[in-house]
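Colleague: Before we start, here is the structure in question, set down as structure tokens.
In our numbering, the protein residues as written are 8 to 320.
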């Protein structure tokens with residue numbers, strides 16, 4: 008199959024006004040944390056084995072959250088890109104381009120094709136970018152991506168797009184129903200790169216998802232997460248919160264006829280740990296990180312976290 012033109016390959020210039028000058032360092036040197044490392048209150052609540060958890064601002068039974076999240080994404084599957092446009096004022100496309108460029112997936116000189124797992128990637132948005140990067144920048148048509156998602160509706164939307172855009176039929180991409188907490192169809196030490204974009208905040212037990220990410224990655228493999236995060240400085244955060252809670256649900260009703268799903272998504276961002284707290288969770292799962300462990304985009308509206316699985320335990 009011929010590679011698609013990489014229309015997104017050179018968007019660094021328009022991205023710069025939205026990104027800080029600092030970037031996640033290419034070297035990973037912060038050791039994984041010991042179990043005794045202190046956690047903040049929000050970190051302690053994220054991996055709790057309690058009978059209850061949060062679904063947005065609501066308290067629900069832990070056993071019920073996955074089904075409720077499933078219903079949200081079944082509702083928005085067909086309008087997922089529109090949803091992200093609403094949630095980020097369209098900037099999510101630049102964030103995703105930057106995210107993939109920073110990972111530079113594809114076979115390097117003297118190396119082998121990469122095996123990539125994109126979790127919560129049902130619609131293929133990140134996977135398509137990674138395949139484009141491999142094909143157009145590395146002339147690599149053998150690197151492959153598994154799009155894993157707990158929601159079959161999202162996966163069907165991704166398969167539909169993959170056929171429409173020429174990625175299928177091909178063995179370069181596949182779609183699997185998988186729970187991020189278990190990834191039971193993915194073998195240990197089998198993946199070179201694990202990505203999750205705007206998905207981990209919807210997982211019931213985030214610590215379990217991080218443990219599974221660690222398990223499936225090869226030693227030296229990279230974990231990378233793009234997610235909404237905490238905005239600073241405070242005056243800008245106040246404006247962002249006003250936009251999030253006043254405008255986004257209303258636009259969800261107007262654009263998709265679904266105010267409740269958008270209300271949940273806004274609340275889920277608010278409940279997600281801070282940048283430092285989530286970086287600590289990544290380290291607690293066993294990953295090495297660089298510096299703070301994350302890169303903030305657009306004043307922290309979203310962030311990228313990266314970790315590497317040590318070559319030796």
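All residues carry an ideal CB built from backbone N, CA and C; glycine is no exception.
Which residues in the same chain as residue 13 place their Cβ atom closer than 8 Å to its Cβ, once the five residues preceding and following it in sequence are excluded?
Modeller: Per-residue confidence for residue 13 stands at a pLDDT of 38, beneath the threshold of 50, marking its modelled position as unreliable; no derived number is given.
Colleague: Out of 130, 137, 264, state which residue places its alpha-carbon closest to the alpha-carbon of residue 120.
Modeller: Of the candidates 130, 137, 264, the one whose C-alpha sits nearest the C-alpha of residue 120 is 137.
Colleague: If you draw a straight line from the C-alpha of residue 92 to the C-alpha of residue 214, how long is it?
Modeller: Those two C-alpha atoms are separated by around 28 Å.
Colleague: Beta carbon of residue 147, beta carbon of residue 114: below 7 Å?
Modeller: Their beta carbons are under 7 Å apart, which means residue 147 touches residue 114 by this criterion.
Colleague: Is the beta carbon of residue 182 closer than 7 Å to that of residue 162?
Modeller: Yes. Within cutoff.
Colleague: Using the three-state DSSP reduction, which class does residue 315 fall into: helix, strand or coil?
Modeller: DSSP places residue 315 in strand when its eight states are reduced to three.
Colleague: Measure how close the beta-carbons of residue 154 and residue 173 come, nearest whole angstrom, since I'm counting them as under 8 Å.
Modeller: Rounded, the Cβ-Cβ distance is 16 Å, inconsistent with contact.
Colleague: Please name the residue in 291, 302, 210, 315 whose C-alpha comes closest to that of residue 279.
Modeller: Ranking the options by Cα distance to residue 279, first place goes to 210.
Colleague: Going by beta carbon distance, what residues of the same chain come within less than 6 Å of residue 166, once the five residues before and after it are set aside?
Modeller: Within the same chain, residue 166 has close Cβ partners 182.
Colleague: Rounded to whole angstroms, what is the Cα-Cα separation between residue 315 and residue 308?
Modeller: Rounded to whole angstroms, residue 315 to residue 308 spans 24 Å at the Cα level.
Colleague: For residue 185 versus residue 236, is the C-beta spacing smaller than 7 Å?
Modeller: Not a contact, by the Cβ cut-off of 7 Å.
Colleague: At the level of alpha carbons, what is the spacing between residue 317 and residue 131?
Modeller: Taking the straight line joining both Cα atoms gives about 28 Å.
Colleague: Suppose you measure from the CA of residue 302 to the CA of residue 58; what does that come to, to the nearest Å?
Modeller: Straight-line Cα distance between these residues: approximately 34 Å.
Colleague: Any contact of the segment 190-207 with the segment 245-258, i.e. 3+ C-beta pairs under 8 Å?
Modeller: Counting Cβ pairs under 8 Å, fewer than three are found: no touch.
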